[in-house]
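Written below as structure tokens is the structure these notes are about.
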Amino acid sequence: MDNSVHQKYSHIDVHPVSGALGAEITGVDISLPLDAEVVSEIRKALLNHLVIFFQNQVITPQQQLNFAEQFGVPMEYPQLKGLPECPLVTE
Numbered sequence: 006m007d008n009s010v011h012q013k014y015s016h017i018d019v020h021p022v023s024g025a026l027g028a029e030i031t032g033v034d035i036s037l038p039l040d041a042e043v044v045s046e047i048r049k050a051l052l053n054h055l056v057i058f059f060q061n062q063v064i065t066p067q068q069q070l071n072f073a074e075q076f077g078v079p080m081e082y083p084q085l086k087g088l089p090e091c092p093l094v095t096e
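In the working numbering, each number is its position in the sequence shown, counted from 1, plus 5.
Below is the structure:
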């Protein structure tokens, strides 16, 4: 069995949703700025599970952009039209 999927996390809860890929992350409010340790664990969960979900998070487009920026510089895709108030976020 691949132990990388069953790693321990100190700042978030990670719940695999299938055997192949995907995990739900709970225990974090992504509308707020996150500590570096939390960002690191979210990144680790993404690398381990390839797809991550944050259920029941109520965030504005600007908060979604702020969350994304904690992981790097978001890229604009010319083929996708962004929201008028936040062009880097699509529906």
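Yeah, the Cβ is synthetic: ideal placement off N, Cα and C, and Gly gets one too. Owing to the predicted nature of the structure, the values given are computational and were not obtained by experimental measurement.
Under 9 Å between C-beta atoms of residue i and residue j
i     : j     : result
Gly87 : Val56 : no
Val94 : Pro66 : yes
Which of helix, strand or coil DSSP assigns to residue i
i     : result
Pro66 : helix
Ile57 : strand
Val43 : helix
Glu74 : helix
Ala50 : helix
Interface flag, residue i vs chain C, CB-CB below 9 Å
i     : result
Phe58 : In the displayed structure, chain C is absent; only one protein chain is listed.
Any chance the segment 57-64 sits against the segment 19-37, with 3 or more Cβ pairs inside 8 Å? yes
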